[in-house]
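Taking it in order: structure first as C-alpha cells, then the write-up.
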Amino acid sequence: MNRPVGKQFMQGNEACVFAAIDAGARFYAGYPITPSSEIAELCAEFLPQVKGVFLQMEDELGSMAAVIGASAAGTKSFTATSGPGFSLMQENLGMAIYTEVPCVVVNVQRNGPSTALATRPGQGDVMQTRWGTHGDHPIIVLSPSSVQEYYDLTVRAFNLSEKYCTPVIILTDEVIGHMKEDLVIPQLDDLEIINRKVPTQSIEEYRPYQTGDDDIPAIAPFGSDYIVHISSSCHDETGFSNSKPQTADKLVRRLHRKIDRNIEDIVQVEWFGARNADLCIIAYGAVSRTAKQVVVDAEEKGLSVNLLRIITHWPFPDAQVKEALNQAKAVIVAEMNLGQVAQEIQRLNSSHTPIYSLTRIDGEMIIPSQIMSKIEEVMRS
Amino acid sequence: MKKKQWQFILAGTGGQGLILAGAVLAKAAISEAKKVIQTSSYGAQSRGGFSQAEVIISDGEIYFMKCDKPNFILALSQAAYDKYKDNVTSECIILYDHDTVISNKRMNDKGYSFNQRAIELGNSKVINSVALGAILKLCPILENESVIRKLKEELPEKVVPLNLEAFEVGYREVTP
Amino acid sequence: MIIKENVQIKIDERLCKRCGICSEFCPQNVFSVRNDGIPQVTAPENCTSCHLCDWRCPDFAITLEVIS
Amino acid sequence: MTTHTHKDFLDQRHLPHIWCPGCGDGIVLRAYTMALAELGLAPKDVVTVTGIGCWGKSDDYVATHALHGTHGRALAYATGVKLGNPDLTVVTLMGDGDAVTIGGNHFIHAARRNIDLTAIVVNNYNYGMTGGQYSATTPLNSKTTTSPLGNAEPGFDICSLAETAGANFVARTTPYHIVSLKNLLKQAITKKGFSVVEVITPCPTYFGRYNINPSPVANMHWLKEKGVPVAKYQQMTEEEQAQHFVIGAFVNKDRPDFYTMYQQINSRNGTEREGER
Chain U
124 MNRPVGKQFM
134 QGNEACVFAA
144 IDAGARFYAG
154 YPITPSSEIA
164 ELCAEFLPQV
174 KGVFLQMEDE
184 LGSMAAVIGA
194 SAAGTKSFTA
204 TSGPGFSLMQ
214 ENLGMAIYTE
224 VPCVVVNVQR
234 NGPSTALATR
244 PGQGDVMQTR
254 WGTHGDHPII
264 VLSPSSVQEY
274 YDLTVRAFNL
284 SEKYCTPVII
294 LTDEVIGHMK
304 EDLVIPQLDD
314 LEIINRKVPT
324 QSIEEYRPYQ
334 TGDDDIPAIA
344 PFGSDYIVHI
354 SSSCHDETGF
364 SNSKPQTADK
374 LVRRLHRKID
384 RNIEDIVQVE
394 WFGARNADLC
404 IIAYGAVSRT
414 AKQVVVDAEE
424 KGLSVNLLRI
434 ITHWPFPDAQ
444 VKEALNQAKA
454 VIVAEMNLGQ
464 VAQEIQRLNS
474 SHTPIYSLTR
484 IDGEMIIPSQ
494 IMSKIEEVMR
504 S
Chain Y
6 MKKKQWQFIL
16 AGTGGQGLIL
26 AGAVLAKAAI
36 SEAKKVIQTS
46 SYGAQSRGGF
56 SQAEVIISDG
66 EIYFMKCDKP
76 NFILALSQAA
86 YDKYKDNVTS
96 ECIILYDHDT
106 VISNKRMNDK
116 GYSFNQRAIE
126 LGNSKVINSV
136 ALGAILKLCP
146 ILENESVIRK
156 LKEELPEKVV
166 PLNLEAFEVG
176 YREVTP
Chain P
8 MIIKENVQIK
18 IDERLCKRCG
28 ICSEFCPQNV
38 FSVRNDGIPQ
48 VTAPENCTSC
58 HLCDWRCPDF
68 AITLEVIS
Chain H
27 MTTHTHKDFL
37 DQRHLPHIWC
47 PGCGDGIVLR
57 AYTMALAELG
67 LAPKDVVTVT
77 GIGCWGKSDD
87 YVATHALHGT
97 HGRALAYATG
107 VKLGNPDLTV
117 VTLMGDGDAV
127 TIGGNHFIHA
137 ARRNIDLTAI
147 VVNNYNYGMT
157 GGQYSATTPL
167 NSKTTTSPLG
177 NAEPGFDICS
187 LAETAGANFV
197 ARTTPYHIVS
207 LKNLLKQAIT
217 KKGFSVVEVI
227 TPCPTYFGRY
237 NINPSPVANM
247 HWLKEKGVPV
257 AKYQQMTEEE
267 QAQHFVIGAF
277 VNKDRPDFYT
287 MYQQINSRNG
297 TEREGER
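Chains as they are written, first to last, in my numbering: chain U, 124 to 504; chain Y, 6 to 181; chain P, 8 to 75; chain H, 27 to 303.
Below, the structure written as C-alpha cells:
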C-alpha cells in the first residue's frame with residue numbers, strides 16, 4: 124500500500140481507514156450500510172495490500188463476532204456500520220466488553236430510528252452507544268468533528284482499546300463521514316501505537332484474566348504457548364465459566380474500575396472561545412462545527428459565548444461539564460436528536476443553571492443561524 | 006473581488022461530472038494553501054438523478070461545513086435551479102444552463118449554453134470542464150493554472166486535451 | 008489361540024452417572040450393574056480391549072488400560 | 027515433537043460435567059479429544075469455539091484454546107479466528123440451535139464461503155438446556171415442551187443444507203457409532219475448507235422422554251437401529267427410509283477454501299493495481 128503522508132485532502136471515512144491501518148488493524152468484517160460503506164470499500168482495497176483481510180459478512184451480528192474472533196487470535200480488528208447495523212452488533216459488543224477483547228466499532232450515524240432518512244445525518248445513537256448492549260458495562264466512545272480528528276481518534280480508539288482491553292466506539296455522523304477536508308497524516312514513526320499487554324507469568328501459572336493492580340488482564344492471542352480460554356459466561360481468572368456470585372461481582376466491578384480509574388487518560392474535550400463566557404454551547408460531532416461558527420459570529424456581535432465540545436462521549440466528561448455549568452449563566456446543548464446529551468448534562472446540574480436543549484431531527488444540519496437565534500432569545504430572557 | 010470565504014454549490018444531474026468538478030476546485034484550492042471542505046449528495050438522492058457538490062474555500066479555518074450562505078451556484082438542471090432560486094441572497098450568483106433551465110431572471114442570474122457548447126466540443130461529458138472555466142471567470146479566487154493542473158491530475162490522460170479546451174471555452178465565453 | 012492382553016478397567020464412581028451404556032453395549036458382557044446403578048467389571052477375562060466401553064462412556068468415568 | 031493423548035485435550039478440572047445421564051455430548055467430546063490426539067495436534071494449535079446450549083458448554087472441558095460466545099454465532103467468531111491466524115485449527119462445537127436455527131445464516135454462509143473450519147454439530151432435535159423446546163431440526167409431529175401436541179414444522183436436514191450451501195466435507199453419524207464418529211471427525215478436521223459432521227445425539231431427558239424413551243440405553247438402541255449406512259439406506263423402501271436416517275460421509279471434495287481464494291485473487295489484483303496508485 125502506498126501510505127499517504129503529510130498534507131492530504133480526503134473524506135472522513137477514508138481517513139478512518141488509513142488511520143486504522145496505521146494503528147495496526149489487519150482485519151475488518153462488516154456489512155455495507157450507508158453512510159459507512161466507504162470504510163468497507165476502502166478496507167477491501169487496502170487491507171490485502173498490507174497482508175490483512177477484509178471480509179464482508181452475512182450480517183452485522185456475524186461481523187461483530189468475526190471481529191472478536193480475529194482480535195482474540197491476535198489481529199487488531201474493526202468494523203463500521205450505522206444505526207440499524209449497530210443495533211445488530213449490540214449483543215456481541217456486550218460479549219467483547221465482558222471478555223475484554225480489544226476492537227473498534229465505527230458508527231457513522233444517520234437519521235433514524237429505523238431506516239428513516241438513510242443518507243442524512245443524525246446523532247440519535249449517543250445513548251445507544253452507552254446503553255445499547257445488555258447488562259451493566261463500561262464503554263469508551265469517541266466523537267470526531269473533523270476529518271483530521273477522525274484520523275486521530277481512530278488511531279486513539281485502537282490504542283485505548285488495546286490498552287484497556289475493551290471495545291472502543293467511534294461515534295460519528297454522515298456529515299463527518301462523507302465530507303472531504305484537508306488533514307495531515309503523520310509519519311508512522313511519529314505515531315504512538317499501543318499494543319495489548321503480553322503475559323509475563325510462566326505457562327503453567329498463566330491465568331488469562333488475572334490482573335495486577337491496574338485491573339487490566341494480559342490475554343495472550345490464540346495460538347500462543349499460553350492456552351487462553353475466553354468465555355462469554357461469567358468467568359474467573361482462568362477464563363473458564365464460574366457461576367459463583369462473588370466471581371460475577373468481582374468481574375463486573377473490575378470491568379468498570381479499569382475504565383473509571385483512568386477517566387483522565389480517556390476523557391477529552393475542547394474548549395473554544397473565552398473560557399469565562401456568559402453562555403456556553405455544548406455540542407459534539409458535526410454540530411460542534413456549527414457551534415464554532417456561532418462562537419465566532421457571536422464575538423463579532425459582542426456576545427459572550429463559548430463552546431464545550433465533547434470528544435469523549437463515554438465515560439462522560441462530568442468534570443468539564445460541571446465546570447461549564449458552574450461558570451456560564453446559561454447552557455445551550457445543540458444536538459441532532461431530541462436532547463440525549465442535554466439530559467445527561469441535566470444530571471450534573473447541581474448549580475441549577477438554565478439548560479436549553481436545541482434539537483433537530485429532520486435529517487438536516489443544525490445551522491449557525493438556528494443556534495444564534497436561540498442565543499439571542501436566551502440572552503434576552 | 007476578494008472574499009474571506011467562498012461557498013460554491015455545483016448542482017445538476019448525475020453524469021455531468023459535478024462531483025469531479027467539485028473535487029478539482031477543492032484540490033486546486035488546497036494547492037494554493039487555502040482551507041477547503043467538499044461535500045456531496047449521496048445515496049438514493051443521487052441515484053434519482055439529482056447530483057450536487059458543495060465546496061467551501063477559505064483563507065482561514067472553516068467551521069460550519071455546509072453552504073448555508075452560498076456565493077455561487079452552478080445550476081445545470083431545472084431542479085437544481087429551482088432548489089436554490091428563492092433560498093439565496095441576491096448577491097449569490099446563479100450560473101445556469103441556458104439550454105435546460107428557465108430562469109426567474111434574478112439580478113445575479115447568468116445563463117450560458119453549457120450543454121450546447123459541450124456537444125459542439127465533441128463530447129457532452131466535458132460540460133463540467135466548461136463549467137469550471139466559467140466559474141473561474143466569474144469567481145477569480147483561484148489561479149487558472151492550479152485548476153488546470155488538477156484537471157490534468159484527476160482526469161484520464163486521453164481526455165485531458167479536450168477538457169482543457171472545454172475549460173478555455175467556458176473561461177473565454179462567459180462574461181461577468 | 009488368541010493370547011489375551013492384560014487389561015485393567017477402572018470405573019470412577021465420582022464421574023459415573025449410571026446410564027448403563029457401558030454394560031448394555033459391551034460386546035463381551037464384561038460388566039454387570041450393581042443395585043445402585045454403578046457398573047462393575049465382573050468378567051474381565053472376556054475383555055478384548057475393544058475400548059467401546061470407555062469411548063462410549065458419556066461421563067469420562069471408564070478408563071481401560073492395556074498393561075504390557 | 028511431543029505426542030499428546032486425548033486426556034491432554036480434556037480439562038478434567040470441571041468434571042463431572044453438567045450433562046444428563048445418557049446424554050451423547052460426553053461421547054462426542056471424547057471422540058473429539060481422541061481425534062485431535064490421533065491427528066498429532068497440540069492443544070495450543072487448536073481453538074475450540076462453542077455456542078450456547080448443552081453442547082455449547084463443552085468448552086468447559088477442553089484444554090485447547092477456547093472461545094465460548096453468544097448463541098448462534100460460533101461460526102462467525104471462528105471465521106474471525108481463522109482469518110486472524112490462518113495457522114490455527116479451528117473447530118466449532120454447536121448444537122442444532124446454534125448451527126441451523128438462530129445461527130442458520132452463518133452456517134450457510136460459512137459453507138458457501140468454504141472457510142477452513144470444522145463444525146461438529148450435535149443434533150439432539152431440541153433445545154435441551156432451556157427445557158426441551160423445539161428447534162429447526164425437530165422432526166414434524168415430534169413432541170417438545172413448545173410443541174406439546176406435536177411439531178407443526180418439519181425439521182432441517184443439516185447435511186443436505188451443508189452440501190447445498192457448498193461445504194467440502196459433510197458427514198453424519200451418532201455416538202453409538204463411536205469409531206466412525208472419531209474417524210469422521212479426523213477427516214473433517216484435516217479437510218481444508220468447510221467441513222460438517224452432524225452427530226445425531228440422544229437427549230433422554232427431553233426429546234427421548236417425549237418421543238423415544240426416557241432410558242439412556244433405549245436411546246442408544248434407537249440410534250443403533252435408526253442410523254443406517256448409505257448402501258443399506260438406498261435399498262430401503264421409501265416408507266422404511268422415512269423411519270431411518272442415513273449415516274456416513276456424503277460429500278468429500280476439494281473446492282478451494284476462502285482464504286486460499288482470497289489470497290489468490292488479491293495477489294493478482296495487487297499487481298494489476300500497482301500502476302494506479
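Just so it is clear, CB atoms sit at the ideal spot from N, CA and C, and this is done for glycine as well.
Practice task
Report yes or no: is there a C-beta of chain H within less than 8 Å of the C-beta of P/CYS26?
Solution key: Mapped onto the third sequence, residue 26 of chain P falls at position 19. Yes, because at least one Cβ of chain H sits closer than 8 Å to the Cβ of P/CYS26.
Problem - chain Y residues whose Cβ lies nearer than 9 Å to that of U/ARG483 - result: Sequence index remark: in the first sequence, residue 483 of chain U carries index 360 (1-based). The premise fails here: U/ARG483 is roughly 13 Å from chain Y at the closest Cβ pair, so nothing lies under 9 Å.
Exercise for the section: Could you confirm whether any beta carbon from chain U is found closer than 8 Å to the beta carbon of Y/ILE35? Expected result: Translated into positions along the second sequence, residue 35 of chain Y becomes position 30. Closer than 8 Å to some Cβ of chain U, the Cβ of Y/ILE35 qualifies, so yes.
Problem - Outcome for H/HIS203 when other beta-carbon atoms lying within 10 angstroms are tallied against a minimum of 16 - result: To locate residue 203 of chain H, count along the fourth sequence from 1; it is residue 177. Answer is buried; the Cβ neighbour count reaches 16.
Problem - Short Cβ contact (8 Å threshold) for H/CYS46 with H/THR163 - result: Residue numbering aside, residue 46 of chain H sits at position 20 when the fourth sequence is read from its first letter. Residue numbering aside, residue 163 of chain H sits at position 137 when the fourth sequence is read from its first letter. Cβ atoms of H/CYS46 and H/THR163: not closer than 8 Å.
Exercise for the section: Identify every residue that forms a DSSP beta bridge with H/TYR160. Expected result: Residue 160 of chain H sits at position 134 when you count from the first residue of the fourth sequence. The partner list for H/TYR160 (beta bridge, DSSP) reads H/ASN152.
Handout entry: Closer than 8 Å to chain U by CB, Y/VAL41
Key = The residue you call residue 41 of chain Y lines up with position 36 of the second sequence. Chain U contact via Cβ: present.
Exercise for the section: With DSSP collapsed to three states, give me the class of H/ALA193. Expected result: Locating residue 193 of chain H in the fourth sequence gives position 167, where the first residue counts as 1. Reduced to three states, the DSSP call for H/ALA193 is coil.
Exercise for the section: Indicate whether at least one CB of chain Y lies closer than 8 Å to the CB of U/GLU137. Expected result: Position 14 of the first sequence, counted from the first residue, corresponds to residue 137 of chain U. Residue-level contact check: U/GLU137 does not touch chain Y, since none of the beta carbons of chain Y fall below 8 Å from its beta carbon.
Problem - Close beta carbons around P/VAL14, own chain, < 8 Å, minus the five adjacent residues each side - result: For the purposes of this step, residue 14 of chain P is identified with residue 7 of the third sequence, where counting begins at 1. Counting only Cβ-Cβ distances below 8 Å, and skipping sequence neighbours, we find PRO51, CYS54, SER56, LEU71, GLU72, VAL73, ILE74.
Handout entry: Straight-line gap, H/ALA68 to H/PRO112 (C-alpha atoms, nearest Å)
Key = Here residue 68 of chain H refers to the residue found at position 42 of the fourth sequence. Here residue 112 of chain H refers to the residue found at position 86 of the fourth sequence. One C-alpha to the other measures close to 16 Å.
Practice task
Identify each residue in the segment 31 to 42 of chain P for which the Cβ-Cβ distance to at least one residue of chain H is less than 9 Å, and report them in chain order.
Solution key: Here the close residues are GLU31, PHE32.
Exercise for the section: Spell out whether any CB of chain C is found under 8 Å from the CB atom of U/MET495. Expected result: This model lacks chain C altogether; the protein chains it does include are U, Y, P and H.
Handout entry: chain P within 8 Å of H/CYS80, Cβ atoms only
Key = As a position in the fourth sequence, residue 80 of chain H is number 54, starting the count at 1. Not an interface residue.
Exercise for the section: Within the same chain, show all residues whose beta-carbon is closer than 7 Å to that of Y/MET6, passing over the 5 residues directly before and after it, in chain order. Expected result: For the purposes of this step, residue 6 of chain Y is taken as the residue at position 1 of the second sequence. Note on Y/MET6: pLDDT 38, under 50, position unreliable in the model; the coordinate value appears next. For Y/MET6, there are no CB contacts under 7 Å within the same chain when 5 residues up- and downstream are skipped.
Exercise for the section: Could you please give me the residues that DSSP links to P/LEU71 through a beta bridge? Expected result: The residue given as residue 71 of chain P occupies position 64 in the third sequence. According to DSSP, which records beta bridges pairwise, P/LEU71 is partnered with P/ILE16.
Practice task
Report the residue from Y/TYR117, Y/LYS88, Y/SER56, Y/VAL165 whose alpha carbon sits nearest the alpha carbon of Y/GLY20.
Solution key: Working through the second sequence from its first residue, we reach residue 20 of chain Y at position 15. Y/SER56 is the residue among Y/TYR117, Y/LYS88, Y/SER56, Y/VAL165 whose C-alpha sits nearest the C-alpha of Y/GLY20.
Exercise for the section: Measure the alpha-carbon distance for U/ALA241 versus U/GLU297 and round it to whole angstroms. Expected result: Locating residue 241 of chain U in the first sequence gives position 118, where the first residue counts as 1. Locating residue 297 of chain U in the first sequence gives position 174, where the first residue counts as 1. Their backbone Cα atoms lie some 9 Å apart in a straight line.
Exercise for the section: Would you verify that the beta carbon of P/MET8 is, or is not, closer than 8 Å to some beta carbon of chain H? Expected result: Sequence index remark: in the third sequence, residue 8 of chain P carries index 1 (1-based). Confidence in P/MET8 is poor, its pLDDT being 45 and thus under 50, which makes the residue's placement too unreliable to answer from.
Exercise for the section: Starting from H/THR105, find everything on chain U with Cβ-Cβ shorter than 9 Å and list it in chain order. Expected result: Within the fourth sequence, residue 105 of chain H is the residue found at index 79, counting from 1. Contact note: H/THR105 reaches chain U through ALA152, LEU178, MET180, GLY185, ALA188, ALA189, GLY192, ALA193, using a C-beta cutoff of 9 Å and chain order.
Practice task
May I ask you to verify whether the segment 16 to 33 of chain Y touches the segment 128 to 136 of chain Y, counting CB pairs closer than 8 Å and requiring at least 3?
Solution key: Flag = yes, the segment 16 to 33 of chain Y and the segment 128 to 136 of chain Y touch.
Handout entry: Under 7 Å by beta carbon: chain H residues contacting U/MET218
Key = One-based indexing of the first sequence puts residue 218 of chain U at position 95. Against chain H, the beta carbon of U/MET218 has neighbours under 7 Å at GLY95, THR96, listed in chain order.
Practice task
Using the Cα positions of U/ASN449 and U/GLN469, report the straight-line distance between them to the nearest angstrom.
Solution key: Start at 1 with the first residue of the first sequence, and residue 449 of chain U comes out as number 326. Start at 1 with the first residue of the first sequence, and residue 469 of chain U comes out as number 346. Between U/ASN449 and U/GLN469, the C-alpha separation is close to 12 Å.
Handout entry: Of the listed residues H/ALA89, H/ILE146, H/HIS40, nearest to U/GLU327 (C-alpha basis)
Key = Start at 1 with the first residue of the first sequence, and residue 327 of chain U comes out as number 204. Comparing Cα positions, the closest option is H/ALA89.
Exercise for the section: Could you confirm whether any beta carbon from chain P is found closer than 8 Å to the beta carbon of H/PRO240? Expected result: Counting from one through the fourth sequence, the residue named residue 240 of chain H turns up at place 214. No, because no Cβ of chain P sits closer than 8 Å to the Cβ of H/PRO240.
Exercise for the section: Step through the CB atoms of chain U and report whether any lies within less than 8 Å of the CB of H/ARG303. Expected result: The sequence position of residue 303 of chain H within the fourth sequence is 277, counting from 1. Confidence at H/ARG303 is low in this model, with a pLDDT of 36, below 50, so its placement is unreliable and no value can be given for it.
Problem - the segment 127 to 142 of chain H: positions lying closer than 7 Å to chain U by Cβ - result: Residues of the segment 127 to 142 of chain H with a C-beta atom less than 7 Å from some C-beta of chain U are ASN131, HIS132, HIS135, listed in chain order.
Problem - Three-state secondary structure assigned by DSSP to Y/SER36 - result: Mapped onto the second sequence, residue 36 of chain Y falls at position 31. Three-state result, Y/SER36: helix.
Handout entry: 7 Å Cβ cut-off: residues of chain H touching U/ASN385
Key = Along the first sequence, one-based indexing puts residue 385 of chain U at 262. Per Cβ cutoff of 7 Å: no residues; U/ASN385 is ~27 Å from chain H at best.
Exercise for the section: Starting from H/TYR288, find everything on chain U with Cβ-Cβ shorter than 9 Å and list it in chain order. Expected result: Within the fourth sequence, the letter at position 262 stands for residue 288 of chain H. Chain U residues near H/TYR288: PRO171, VAL176, PHE177, LEU178.
Problem - Beta-carbon proximity of U/GLU304 to Y/ILE14, cut-off 8 Å - result: Here residue 304 of chain U corresponds to residue number 181 of the first sequence, with the count starting at 1. Here residue 14 of chain Y corresponds to residue number 9 of the second sequence, with the count starting at 1. For the pair U/GLU304 and Y/ILE14, the CB atoms are not nearer than the 8 Å cut-off.
Handout entry: Spatial neighbours of U/VAL444 in its chain, beta-carbon cut-off 6 Å, leaving aside the 5 residues before and after
Key = On the first sequence, residue 444 of chain U is found 321 positions in, with the first residue counted as 1. Result list for U/VAL444: ILE468, LEU471, in chain order.
Exercise for the section: Would you list, in sequence order, the uninterrupted beta strand (DSSP E) runs of no fewer than 3 residues that lie entirely inside the segment 188 to 270 of chain U? Expected result: Correct list: 200 to 204, 226 to 232, 263 to 265.
Exercise for the section: Output the distance between the C-alpha atoms of U/ALA146 and U/PHE345, rounded to the nearest integer angstrom. Expected result: For the purposes of this step, residue 146 of chain U is taken as the residue at position 23 of the first sequence. For the purposes of this step, residue 345 of chain U is taken as the residue at position 222 of the first sequence. The straight-line gap from Cα to Cα measures roughly 21 Å.
Practice task
Determine contact between the segment 308 to 321 of chain U and the segment 413 to 432 of chain U, defined as no fewer than three beta-carbon pairs at a distance below 8 Å.
Solution key: No, they do not touch.
Practice task
Please list, in chain order, all residues of the same chain as P/ALA68 whose beta carbon is under 7 Å from its beta carbon, the five residues on each side excluded.
Solution key: Walking along the third sequence from the start, residue 68 of chain P turns up at place 61. So the list reads ILE18, ASP19, LEU22, CYS23, once near-sequence residues are dropped.
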